[in-house]
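One structure is given here, and the rest of the page talks about it.
Number of protein chains: 2
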Amino acid sequence: MSFMGKTFQKNIKALSKKDSFLYETLFHNANGYIGVRGTLEEGVPADYNTMRGTYINGFYDIVDMKQAENLCNFIEKKETMLNIADTQTVYLSVNGESFNMAQGTIVKCKRTLDMDRGFTKRDVVWKSPKGDKVEISIKRMTSFEELSLFTIEYKVTALSGNVSLMFSSKHIPEVSNYSDPTDPRLAAESPKFISVVDDGISDGISYALCETSRSKLKCCSVVGHEITDKKARFCTAKDEDGAMTCDVMSDLKKGESVTLIKYSIFTDSLRCDEPLTAAKEKMKKVLGNGLDYYYKKQAEYLENFWGGSMLEIHNDPKMNEAVNFNMYELLCSSAKDSFGNIAAKGLSGEGYEGHYFWDSEMFVIPYFVLTDPYLAKMLISYRYRTLDKARENAKLLGHKRGALFPWRTITGVECSGYFPSGTAQYHIVGDIAYAIVNYYLTTGDLDFIKECGAEILIETARLWLDVGNYVNDTFRINDVSGPDEYTCMVNNNYYTNRVAKYNLIWAVKFFEKLEELNMAKELSSKLKFSKNELDEMKEAAEMMYFPKFGKDGVIPQDDSFFDKPVWNLKATPKDKFPLLLNYHPLHLYRYQVCKQADTVMAFFLFPDAVEKNTQKKSFEYYEKITTHDSSLSKCAFSIVASKLGMQDKAYKYFGNSAEFDIRDLHDNTSYGIHTANMGGSFMAVVYGFAGLSINEKGISIAPFVPDKWSGYSFKIRFMGSRIRIDVTKEEVSVVLEEGEAFAMKIYGKKTKITKKKTVVKV
Amino acid sequence: MSFMGKTFQKNIKALSKKDSFLYETLFHNANGYIGVRGTLEEGVPADYNTMRGTYINGFYDIVDMKQAENLCNFIEKKETMLNIADTQTVYLSVNGESFNMAQGTIVKCKRTLDMDRGFTKRDVVWKSPKGDKVEISIKRMTSFEELSLFTIEYKVTALSGNVSLMFSSKHIPEVSNYSDPTDPRLAAESPKFISVVDDGISDGISYALCETSRSKLKCCSVVGHEITDKKARFCTAKDEDGAMTCDVMSDLKKGESVTLIKYSIFTDSLRCDEPLTAAKEKMKKVLGNGLDYYYKKQAEYLENFWGGSMLEIHNDPKMNEAVNFNMYELLCSSAKDSFGNIAAKGLSGEGYEGHYFWDSEMFVIPYFVLTDPYLAKMLISYRYRTLDKARENAKLLGHKRGALFPWRTITGVECSGYFPSGTAQYHIVGDIAYAIVNYYLTTGDLDFIKECGAEILIETARLWLDVGNYVNDTFRINDVSGPDEYTCMVNNNYYTNRVAKYNLIWAVKFFEKLEELNMAKELSSKLKFSKNELDEMKEAAEMMYFPKFGKDGVIPQDDSFFDKPVWNLKATPKDKFPLLLNYHPLHLYRYQVCKQADTVMAFFLFPDAVEKNTQKKSFEYYEKITTHDSSLSKCAFSIVASKLGMQDKAYKYFGNSAEFDIRDLHDNTSYGIHTANMGGSFMAVVYGFAGLSINEKGISIAPFVPDKWSGYSFKIRFMGSRIRIDVTKEEVSVVLEEGEAFAMKIYGKKTKITKKKTVVKV
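Chains A and B, in that order, are what the protein sequence lines are. Here the first sequence is numbered in the numbering used here, starting from 137 and rising by one per residue. Here the second sequence is numbered in the numbering used here, starting from 137 and rising by one per residue.
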């Protein structure tokens, strides 16, 4: 393993079952629109686990989700991300012997993820069972320039005497999703969702237009080939099983090379009316431009990306690699339009069925707000586009007004089958509101607030009014679940009530701000929003109730949290983790035990709500009873530990978070990356170590450097400007790289950030 | 409609869709072992709803119950009561025209349930489309003498000229269950569960041995015929579809009659090793005895039953009819061995899939304890027989000790798919304990306590120790659901904590009692029961916490009940009831609204736990927020209203409860009777109006007579003796009919009950 530039590599001695499956995730290609798992072109032996997937962000079908007992308005169908046409299959035969990592001899093999140039690569020297030796080099890319494009550049060099090669490159339109009935986190069903409605071959280019079984969406794949060997023979034909195969034969002398380039174009009917026509046109354009053009554009795109998203850790190459990997994966996972969003596992696997959760707003959008506000805006726009469905969802839950965003979804419809740790997590609407406010406070983009943000804030604030009720002049929120899924259906979850209060306050602020600027009329008439309701919001925010401090001044997670016994984590055998796979939820609910940061998460979002001392006591209390069985937990603990001055703890939690996927710490990255945690690890440095804070008073930092590091550097955007911050143990320097100068507090002292470097001694 | 003797009748002018379905329930035959819906022998038109069912108590198959999201130890299969062989089909053709209630002319038709003689009857005068006129009289019986026996006596009299009759009597072994995917209270699947493994015809007697698909149980049906017409021609043969048909031809002159008698015997492998052999032997015996023998035995059995279960209401024939109907149905529904129990809908329909609930212990067993203690003991023995499964169930829920009886079950395995209003109703273990104590206090049967009762009490008491925990020296029970299914997953449900306390107290009492008598050794060594655990139980009982009284001294249903807004029942449109079919549970949980008696139910069980004044205030409070969407509610309200001196209310609630099924008040009796409510209506008179109380201090009554009545009489058993109590507005008289004299308090005054009538002025 090595890391040079932004290149992540794995040397492979022999194909292993575990690594083979894991590398499908780690070396997947994605651009936010399409994602292709890093499966081997030639496949794996039959007893290997493999998820041979290609996905389109937001492209889905509908699956029945039968309820064991179907109570009123329970969810009975869900959306699921689809595996679409397999265009990554290329068989190679060398003098009649099939190339395959499990036979012959792997002389050497290296897999590479090049994050500067945006491709993955597999380099293999292979000796066939009969003794022919070839060097194989396969480069794969999902293009940021042309989001529909996936390419495979398959180069073979003869290292021994004459070899006759035959490439057999497949285009398989009808594929199934991955399934595992034993894991609740994966789909249990494995039906075939798509079927071909039109396919064919013309001029050696194969195309297939497919339709989904229930959502009736269409997607199209078009595949074309080029080969460097002018004498090579081509033959493209449709097989009996519906796959289209392009056979290419080429003869090499020792030392000679040949390269097959395979272009795949994917389109879908969510984003265009005529996906087949569009795909064919795109293919024509792509073939005209040629692969090198797209390599060049890819490198330029990433140069620009890293220019704005730079985070370098000095003196700790492993951590540096990890955070850069995470940032890169976030770019690859995130939709570039409002038709999709960021799935819990991005476009890297089918875990959580491609659903979008609060992960987007609380863990990923904050990263883009600081580094690429346009992408952040796209992601928030998705929520605006699905606001009507959230209004419908609120009605299904019995509310007379407001919008309840679904706990998990693709199109905006609730897809959670178990409401106590699904729909009951009402905090998601506060999370969305929080993300919008954060976007606004960082960008100043009032237009977006006027167009989308204020409406979402008002509708979600309305929901809180409808959920809550007054008791003794305090506003209570009963029977919801906070982020901690080991404690469900509680009253006055501290986190929830905090985000609800913030949501209410900012609904009012946004509306009054727009009113001041005479920009509120349209909105208030559209929403029939009255002064009366505005006052209701003000009052509920002001009267918001928070559970009473426990003994020793610790904040209880909810009203009755401290009435329960503390789970004995030390006495719990290791094989009983994660607890959710080993204990009935009803049992877990009866204990003080947390799957993840809940109250601690609130300290990150609302650092000024309670005294630091209370936060510290509470942090230490929750730390002892949190299992971090969720990947969303340690990053939050890290940030709050930083803010509370517990630097060693902050670093420990950060490390765990940063390396979560790249080192497969939870032994489940093979099913897909954990995008929320990836965003969290970025925040752990920027919000945590660097102490970034952005609120109505402005922007401030108060960095420290973890012991192990000599320093770190990063770039962020604020109000349209971009700055670079370099932190060492001795000093902090900040310089404006782009845009207008602005004021920033550094260690509490207001400083103007200009193109001339500001240096502050620690 | 009329009521003479104990005969319930309906005159039918024309077949109606609604009534036809309803009468299948009201006129069903059952004896606690088998139940046969009162469907028409000739069937109904295709567009009529019909549930053509024959059931065996406790006979089941296993059905998958997929969970939308399958968390740890969620229930994924359930047991379901099976519809078994259809032997009730008899087609009649009259001069070639099929008799059928929907064609020709119904000159008159009457359906009768004779509760003194234990049969149902249909009397029809029918004119065929061509004009032939016949009188048809069909009598059906499930025998109490021979529980395996179901008979149909089908008599036809020619009222017009010569008629040629042909009976075509079917024996259809392979049938399906009823299904309705739109109703959560019914099974959504309609698979065929049973298939024939052996069948045949010998000497005109058909038999079929069937096996279930997954439980691998066997059941057997054997059918034989007799006809009064010596010249009649018989022919029994197996049809292509697997049914066996006995065709009988007979010619009648005007005024002549012919009677076909059809005997069906049912056996099962739960209760005997060779069900086929057993069934054939039974058939031989039955044919030898003849139908009249069984009619005679049936009448004797019922004479004896009514002798012990007498309850007569003077001056209110409708109510008198209703309560006697209910008592009769309880006898028919209740298992006569410990292989079955009492399903929520008895053996009258497939609603709730034949599952047993707390209904048995809290509503039905109390009736049998007073009228037929042997049956009560059988029903409790069922729980003892399933105690090991309850221990297993406790482990599935994470408990280290104790037994958790399932919320709904056939064999003792949890079959509840939605745990918040299923498994979380831990009170069921306290209910079972309560029923055992009640049985003991009424019968003095210490042997049963030694054999079964004490073990159940100790194991359930252990469960409470494991569920609960101490907070500030009080013992709390968190995250359970009380009886009210509109408020789930709460802390310290008042009802639950009351039954838990009682359970703990009586586990200790029983153990100490047995110890005193030197009878506890075996038990304590079997259960590894230590002094230490005994002390734990004492302490938990003593320290049991109850939610703090609310404003105005009302007892809250649970810790946070009064923190929720009151549901506006007056503003809720009528078509929104029952609420569970119209509101998401999460919505319901957020309001003060009750499906059924919960805290009020606790006042019935524990009348001395809190002051009467508190009970009255609380009763009035809960009355306003209870929808009685459960059939278990109004009887409890009636009893408590009686005990609190609210006689008019008590009568109103009683009437509703008594007539629930016989008048189809909830428009759902067609799916089956509501056995719990039936027991409740008996208790509303005996525990309510008559003020019966049985506790450690002894037995007492303090009767009043509802305004509308002139009085009422009933018989109950106490400590092996049977007494008759007559109540009028002027006086109460009590006389010992059987057994030893004993002391009883009447209006607080201790009185010796002897064979000489005691008369007390009101």
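Heads up, the beta-carbon is just placed ideally off N, CA and C, and yes, glycines get one too.
Host beta strand (DSSP E) of residue i (start-end)
i, result
"ARG853 (chain B)", "847-854"
"LEU388 (chain A)", "380-388"
"MET217 (chain A)", "213-217"
Three-state secondary structure (DSSP) of residue i
i, result
"LEU768 (chain B)", "coil"
"THR446 (chain A)", "Note on identity: in this sequence residue 446 (chain A) is Met, with Thr being the wrong assignment. Residue state, collapsed to three classes: coil."
"HIS87 (chain B)", "Residue coverage of chain B in this structure runs from 137 to 898, which leaves residue 87 (chain B) outside it and unanswerable."
"LYS153 (chain A)", "helix"
"GLY189 (chain A)", "coil"
"VAL226 (chain B)", "strand"
"ILE516 (chain A)", "helix"
"ALA182 (chain A)", "coil"
"VAL422 (chain A)", "helix"
"GLY827 (chain A)", "coil"
"GLN434 (chain A)", "helix"
"LEU872 (chain B)", "strand"
"SER660 (chain B)", "helix"
"ASN165 (chain A)", "strand"
"LEU396 (chain B)", "strand"
"ASN477 (chain B)", "coil"
"VAL821 (chain B)", "helix"
Residue i burial status per 10 Å Cβ neighbour count (16 or more: buried)
i, result
"CYS382 (chain B)", "buried"
"GLY168 (chain B)", "buried"
"SER138 (chain A)", "Interpretation of SER138 (chain A) is limited by its pLDDT of 38, a score under 50 that renders its predicted location unreliable; the figure taken from the coordinates is listed afterwards. The residue is exposed, with fewer than 16 neighbouring Cβ atoms inside 10 Å."
"VAL895 (chain B)", "exposed"
"LEU653 (chain A)", "exposed"
"CYS624 (chain B)", "buried"
"ASP268 (chain A)", "buried"
"TYR241 (chain A)", "Per the sequence presented here, residue 241 (chain A) reads as Thr, with Tyr not at that position. Its Cβ having fewer than 16 others within 10 Å, THR241 (chain A) is exposed."
Continuous alpha helix (DSSP H) stretch holding residue i: start and end
i, result
"TYR883 (chain A)", "Counting along the chain, TYR883 (chain A) falls outside any alpha helix (DSSP H), and DSSP gives it neither H nor E."
"THR750 (chain A)", "748-761"
"PHE647 (chain B)", "630-652"
"ALA458 (chain A)", "453-469"
"LEU283 (chain A)", "Where LEU283 (chain A) is concerned, there is no enclosing alpha helix (DSSP H), given that its DSSP letter is neither H nor E."
*At 4 residues or longer, and completely inside the segment 529-612 of chain A: list those alpha helix (DSSP H) runs for me, N to C.*
Look at the segment 529-612 of chain A and you find these whole runs of alpha helix (DSSP H), each 4 residues long or longer: 563-579, 590-603.
_Tell me whether the segment 711-723 of chain B and the segment 781-797 of chain B touch, counting them as touching only if at least three CB pairs, one residue from each stretch, are closer than 8 Å._
With the cut-off at 8 Å, the segment 711-723 of chain B and the segment 781-797 of chain B do not touch.
_Contact between the segment 544-556 of chain B and the segment 816-833 of chain B is defined here as three or more beta-carbon pairs at a separation below 8 Å; is this criterion met?_
Flag = no, the segment 544-556 of chain B and the segment 816-833 of chain B do not touch.
*Unbroken alpha helix (DSSP H) runs of length 4 or more, entirely within the segment 288-367 of chain B: which are they?*
Under the rule that a run must span 4 or more residues, no alpha helix (DSSP H) segment is found entirely inside the segment 288-367 of chain B.
_Counting beta carbon pairs with one atom in the segment 629-641 of chain B and one in the segment 592-605 of chain B, are three or more of them shorter than 8 Å?_
Result yes; three or more Cβ-Cβ pairs closer than 8 Å.
*Contact the segment 235-242 of chain B vs the segment 405-418 of chain B: 3+ CB pairs below 8 Å*: Judged by Cβ distances under 8 Å, the segment 235-242 of chain B makes no contact with the segment 405-418 of chain B, as fewer than three pairs qualify.
*Please confirm if the segment 509-525 of chain B is in contact with the segment 213-220 of chain B, defined as three or more CB-CB distances below 8 Å between the two stretches.*
These segments do not touch.
*Does the segment 249-256 of chain B come close enough to the segment 411-422 of chain B that 3 or more CB-CB pairs lie under 8 Å?*
Result no; under three Cβ-Cβ pairs closer than 8 Å.
*Does the segment 844-855 of chain A touch the segment 486-497 of chain A, meaning 3 or more C-beta pairs lie closer than 8 Å?*
With a cut-off of 8 Å on Cβ pairs, the segment 486-497 of chain A is not in contact with the segment 844-855 of chain A, counting fewer than three such pairs.
*Is it a yes or a no for the segment 674-690 of chain B touching the segment 753-762 of chain B, going by three-plus beta-carbon pairs under 8 Å?*
Under the three-pair Cβ rule at 8 Å, the segment 674-690 of chain B counts as touching the segment 753-762 of chain B.
_Three or more C-beta pairs under 8 Å: does that hold for the segment 578-598 of chain B against the segment 656-668 of chain B?_
Contact holds: three or more Cβ-Cβ distances are below 8 Å.
*Taking 8 Å as the threshold, find out whether the segment 607-626 of chain B comes into contact with the segment 728-741 of chain B through three or more Cβ pairs.*
Taking 8 Å as the limit for Cβ pairs, the verdict is that the segment 728-741 of chain B does touch the segment 607-626 of chain B.
*Touching by the beta-carbon criterion (3+ pairs, under 8 Å), the segment 572-582 of chain B and the segment 498-505 of chain B*: Output reads yes: the segment 498-505 of chain B touches the segment 572-582 of chain B.
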